[in-house]
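Q: Sharing a structure with you now.
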Ligand code: EPU
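Residue numbers (my numbering): 2 to 418.
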C-alpha cells in the first residue's frame, strides 16, 4: 500500500521552520545542465521525488547527477541520447523542459507529449510554436515531439498566453541561438528569474528577467556554474497557512517575502496576523478567518499553486468566499475530499463558492495532485479527530519532509508505510 499520513488535528503549531529550495526552480536548473559539458552545481537542492525524476532523465540523456550533502551536481559531457521517454514524461510533465536545451545543444530532441494530468489538459503548443520561431523543425510522430535544428536562430516570439515552463524552455533554447531573441508576454515568476540568473552565470546574456519582455543575446557556448536555488514560495505559503489554520504562532524563515506579496495581502484580508521581516514571516492565526474572494493569475497575481491551501483556510471562515481559478481548468480536486471533512463548497466551472463552517472533522481522504494533497494535510491539522491522507506520493513530489517540518512545530503527524 502506498504511504499515508495520519494526522491528529487540533494542535496549534508553534515555533520556527525553514523553507527549502523551490521545486519549480530546481527542475529547470537541472534541465539547464544539458546546455553545457561542464558541471552545474546547485548548492541547496531539495530532496524531492520530482528532482529525482529529472536527475534520472538527465542520466538517460548522457549525464551524471550526484546529490550529496544537500548539493546537486549535474554534468552532461556529451548528449548521448535525445529521447525523453513516455515513462518519465508521463510521471512528470516538467520533463518537457529538456526539449529546448536538447535542440539547442544537440540539434535534435524526441520528447514524449505529456498528455493531460489531474489538474487540466495542459498543452505545450506555445513551447513548440516558439521553438519553430527559433528555426527548429517541429513535428509530432507517434505521441512524440520531434524537433531538429542545426543551429537555432534568434527571433521575436510573443506567446499567446503566459506560460512558466514555456518561457523557461524558450529562454534556454535562445541562450545558445545565433542572434537576439525577444520573448514577449514572458512569465514573470521568480522561478523564471532564478533560471535566468543561473543561465547568466553560465555565460548567457539574458535581460529583463522578472518582466514580461525578455531579451536574450545568443552565445556560442555556455560554461558550468554554481547556483543557489531560490526559496520555495509555495512551500513557504503552505507553512504560513499551516500556522494560520491551527491558530498557531509560527515563524517561517529563509524565504523571499516579495515573492509571496499577493498571498500575504490576501491572508491579511482574511484576518491572519503577519509580521514580515526581510527573510521571514511570523504568522499568528485568527480565532476564525474572515471570508474573502480569491482569483488566481500569473505572477505577481495570486498563484494557482496556493489556491487549494487558501481555499482550505476559507472553508473555516465566518461567511461566504468565492475562489476563481483562471490558470487550470480542473484544479478543484481537493473540493470533494474537503467535503468529506465537513467543508461546504460548491463548484461551477472555474468558480468555487465556499460557505464557511466552524470546524472540519477528521476523515480518511485521498490526495489527487501535489497542491491538493497539501490542502488536505492543512485541513487535517485543523480538524477535530484523526485524518488519514493516502497517496502521499503526490505530496512527496514537491514538499521536502513536510511531515517532519510540521512535526517539529508540534503537529501530531505520522507517516505510515
Ligand atoms: N498552456 C497552454 N499552452 C502551452 C503552455 C501552457 O495552453 O504551451 C496553458 C496551460 O494549460 C495552463 C496555462 O497555460 O492553462 C499556464 O500553464 P503554464 O505553462 O504556466 O504551467 P506549467 O509551466 O506547466 C508551472 C508550474 C506549475 C504551476 C504553473 C502555473 C513548473 C514545473 N510547474 O507549470 O506548478 O502551477 O506553472 O504557475 O514550474 C506545482 O508545482 O504544483 C505545479 C503544478
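For every residue, glycine included, the Cβ atom is placed at its ideal position computed from N, Cα and C.
Treat the numbers as computed from the prediction; the structure is a model and nothing was measured.
Compute every distance between the C-beta of residue 192 and the non-hydrogen atoms of the ligand EPU, then say whether any falls below 7 angstroms.
A: Position 191 of the chain shown, counted from the start, is the residue given in the question as residue 192. Yes, the beta carbon of residue 192 sits closer than 7 angstroms to at least one heavy atom of the ligand EPU.
Q: Mind pulling the beta strand (DSSP E) runs of 3 or more residues that sit fully within the stretch 334 to 404?
A: Counting only runs of 3 or more, we get 345 to 349, 352 to 356, 365 to 367 and 387 to 391.
Q: Candidates 365, 188 and 101: which alpha carbon is nearest residue 177's?
A: Numbered from its first residue, the chain shown carries residue 177 at position 176. Of the candidates 365, 188 and 101, the one whose C-alpha sits nearest the C-alpha of residue 177 is 101.
Q: Less than 7 angstroms separating the Cβ of residue 48 from some heavy atom of the ligand EPU?
A: Here residue 48 is taken as the residue at index 47 of the chain shown, counted from 1. No, the beta carbon of residue 48 sits no closer than 7 angstroms to any heavy atom of the ligand EPU.
Q: Between residue 112 and residue 75, how many whole angstroms is the CB-CB distance? I'm expecting something under 8 angstroms.
A: Stepping through the chain shown from its first residue, residue 112 is reached at position 111. Stepping through the chain shown from its first residue, residue 75 is reached at position 74. With a Cβ gap of about 18 angstroms, residue 112 and residue 75 do not count as contacting.
Q: Quick test of the definition: if touching needs 3 or more C-beta pairs under 8 angstroms, does the stretch 354 to 372 touch the stretch 218 to 233?
A: Taking 8 angstroms as the limit for Cβ pairs, the verdict is that the stretch 218 to 233 does not touch the stretch 354 to 372.
Q: Would the beta-carbon of residue 294 be found less than 7 angstroms away from any heavy atom of the ligand EPU?
A: Position 293 of the chain shown, counting from 1, holds the residue named residue 294. Because no heavy atom of the ligand EPU lies under 7 angstroms away, the Cβ of residue 294 does not count as near it: no.
Q: Where residue 61 and residue 371 are concerned, what is the direct C-alpha to C-alpha distance, given to the nearest angstrom?
A: To locate residue 61, count along the chain shown from 1; it is residue 60. To locate residue 371, count along the chain shown from 1; it is residue 370. Residue 61 and residue 371: Cα-Cα distance of roughly 25 angstroms.
Q: Give the straight-line distance between the Cα atoms of residue 169 and residue 198, rounded to the nearest whole angstrom.
A: Translated into positions along the chain shown, residue 169 becomes position 168. Translated into positions along the chain shown, residue 198 becomes position 197. Taking the straight line from one Cα to the other gives about 12 angstroms.
Q: In terms of DSSP beta bridges, what is residue 145 paired with?
A: Residue numbering aside, residue 145 sits at position 144 when the chain shown is read from its first letter. Paired residues: 113 and 142.
Q: Which same chain residues end up closer than 7 angstroms to residue 186 when comparing Cβ atoms and leaving out the 5 residues on each side of it in sequence?
A: Translated into the one-based positions of the chain shown, residue 186 becomes position 185. Within the same chain, residue 186 has close Cβ partners 159, 160, 163 and 213.
Q: When DSSP builds the beta bridges, which residues end up paired with residue 1?
A: Only positions 2 to 418 of the chain appear in the structure, and residue 1 is not among them; the question remains open.
Q: Just list the residues that DSSP pairs residue 250 with in beta bridges.
A: Position 249 of the chain shown, counted from the first residue, corresponds to residue 250. Partner(s): 15 and 285.
Q: With H, G and I counted as helix, E and B as strand and the rest as coil, what does DSSP make of residue 417?
A: As a working note, residue 417 is residue 416 in the chain shown. In the structure shown, residue 417 sits in a strand (DSSP, three-state: E or B).
Q: Counting Cβ pairs closer than 8 angstroms, one from the stretch 249 to 259 and one from the stretch 291 to 299, do we hit at least three?
A: Counting Cβ pairs under 8 angstroms, fewer than three are found: no touch.
Q: Measuring only the C-alpha atoms, how far is residue 225 from residue 149?
A: Taking the first residue of the chain shown as position 1, residue 225 is located at position 224. Taking the first residue of the chain shown as position 1, residue 149 is located at position 148. Straight-line Cα distance between these residues: approximately 24 angstroms.
Q: Can you give the Cα-Cα distance for residue 400 and residue 236, rounded to whole angstroms?
A: One-based indexing of the chain shown puts residue 400 at position 399. One-based indexing of the chain shown puts residue 236 at position 235. Straight-line Cα distance between these residues: approximately 7 angstroms.
Q: Would DSSP call residue 171 helix, strand or coil?
A: Within the chain shown, residue 171 is the residue found at index 170, counting from 1. Residue 171 falls in the helix class under three-state DSSP.
Q: Check whether the Cβ atoms of residue 125 and residue 413 sit closer than 8 angstroms, and answer yes or no.
A: As a position in the chain shown, residue 125 is number 124, starting the count at 1. As a position in the chain shown, residue 413 is number 412, starting the count at 1. Cβ atoms of residue 125 and residue 413: not closer than 8 angstroms.
Q: With hydrogens ignored, establish whether the beta-carbon of residue 154 is closer than 7 angstroms to any heavy atom of the ligand EPU.
A: Here residue 154 corresponds to residue number 153 of the chain shown, with the count starting at 1. No, the ligand EPU has no heavy atom inside 7 angstroms of this Cβ.
Q: Quick check on DSSP: helix, strand or coil for residue 69?
A: Within the chain shown, the letter at position 68 stands for residue 69. Correct three-state label for residue 69: strand.
Q: Closer than 8 angstroms is the cut-off here; do at least three beta carbon pairs connect the stretch 70 to 90 with the stretch 27 to 44?
A: Yes, since at least three Cβ pairs between the stretch 70 to 90 and the stretch 27 to 44 fall closer than 8 angstroms, the two stretches touch.
Q: Which term fits residue 166, buried or exposed, when burial requires 16 or more other beta carbons within 10 angstroms of its beta carbon?
A: For this step, residue 166 is matched to residue 165 along the chain shown. Its Cβ being crowded by 16 or more others within 10 Å, residue 166 is buried.
Q: Residue 340: which of 181, 381, 301 and 307 sits nearest, CA to CA?
A: As a first step, residue 340 must be located in the chain shown, where it is residue number 339. For residue 340, the nearest C-alpha among the options comes from 381.
Q: With respect to the beta strand (DSSP E) encompassing residue 294, which residues constitute its N-terminal and C-terminal limits?
A: Translated into the one-based positions of the chain shown, residue 294 becomes position 293. Counting along the chain, the beta strand (DSSP E) containing residue 294 begins and ends at 294 to 296.
Q: In three-state DSSP terms, what is residue 6?
A: Translated into the one-based positions of the chain shown, residue 6 becomes position 5. Correct three-state label for residue 6: strand.
Q: Classify residue 328 as helix, strand or coil using the three-state DSSP reduction.
A: Walking along the chain shown from the start, residue 328 turns up at place 327. It is coil, neither helix nor strand.
Q: Given that a residue counts as buried once 16 or more other Cβ atoms are within 10 Å of its Cβ, and exposed if not, what is residue 335?
A: As a first step, residue 335 must be located in the chain shown, where it is residue number 334. Buried, by the Cβ-count rule.
Q: Could you tell me how far apart the beta carbons of residue 110 and residue 173 are, in whole angstroms, since I believe they sit closer than 8 angstroms?
A: The count along the chain shown starts at 1 and reaches residue 110 at position 109. The count along the chain shown starts at 1 and reaches residue 173 at position 172. 12 angstroms between Cβ atoms; not a contact.
Q: How many Å lie between residue 270 and residue 53 at the Cα?
A: Position 269 of the chain shown holds residue 270. Position 52 of the chain shown holds residue 53. Residue 270 and residue 53: Cα-Cα distance of roughly 38 angstroms.
Q: Cβ-heavy atom distance between residue 188 and the ligand EPU below 7 angstroms?
A: Locating residue 188 in the chain shown gives position 187, counting from the first residue. Checking every heavy atom of the ligand EPU against the Cβ of residue 188, one is found closer than 7 angstroms.
Q: Identify which residue in 123, 387, 272 and 131 has its Cα closest to the Cα of residue 155.
A: Taking the chain shown and counting its residues from 1, the one referred to as residue 155 is at position 154. Per the Cα distances, 131.
Q: If you measure between the beta carbons of residue 258 and residue 272, is that distance less than 8 angstroms?
A: As a first step, residue 258 must be located in the chain shown, where it is residue number 257. As a first step, residue 272 must be located in the chain shown, where it is residue number 271. Contact flag unset, no.
Q: Assign residue 404 to one of two classes, buried (16 or more other C-beta atoms within 10 Å of its C-beta) or exposed (fewer than that).
A: Locating residue 404 in the chain shown gives position 403, counting from the first residue. It is buried - the Cβ of residue 404 has at least 16 other Cβ atoms within 10 Å.
Q: Nearest-angstrom Cα distance between residue 346 and residue 311?
A: Along the chain shown, read from residue 1 onward, the residue named residue 346 stands at position 345. Along the chain shown, read from residue 1 onward, the residue named residue 311 stands at position 310. Distance between the alpha carbons of residue 346 and residue 311: 13 angstroms.
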